[in-house]
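Colleague: Each residue of the sequence shown is one higher than the one before, counting from 1382 in this note's numbering.
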Amino acid sequence: MPSKGTSLQSFRVATDLWRRFAERAKLAGTNRSEVLRRFIAWYLREPDAELPERPEPPA
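#1: Measuring straight from C-alpha to C-alpha, what distance separates Ala1422 and Ala1440?
#2: Distance, Cα to Cα, Ala1406 vs Asp1397?
#3: Of the choices Thr1411, Arg1401, Ala1430, Arg1393, whose alpha-carbon is the least far from that of Arg1419?
#4: With a 10 Å radius around its C-beta and 16 neighbouring C-beta atoms as the bar for buried, classify Val1394 as buried or exposed.
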């Protein structure tokens, strides 16, 4: 999990969305920070960046 060379960021998001995001990321074998880092790299068109895979909807 990267920490060197990264800075802590904060932003507002609904508590329920943040909780569900954590649950879904964990089920996918990752965490919120990694999903967000990958999304940002993809959004900025960084070389070799790929859009994080979305998990299947809950049953």
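All C-beta atoms in this analysis are idealised placements derived from N, C-alpha and C, irrespective of residue type, glycine included.
Modeller: Answer, in terms of the structure:
#1: Annotation: Ala1422 to Ala1440 spans about 30 Å, alpha carbon to alpha carbon.
#2: Rounded to whole angstroms, Ala1406 to Asp1397 spans 14 Å at the Cα level.
#3: A check of alpha carbon separations from Arg1419 across Thr1411, Arg1401, Ala1430, Arg1393 identifies Ala1430 as the nearest.
#4: Exposure of Val1394 is indicated by the presence of fewer than 16 other C-beta atoms within 10 angstroms of its C-beta.
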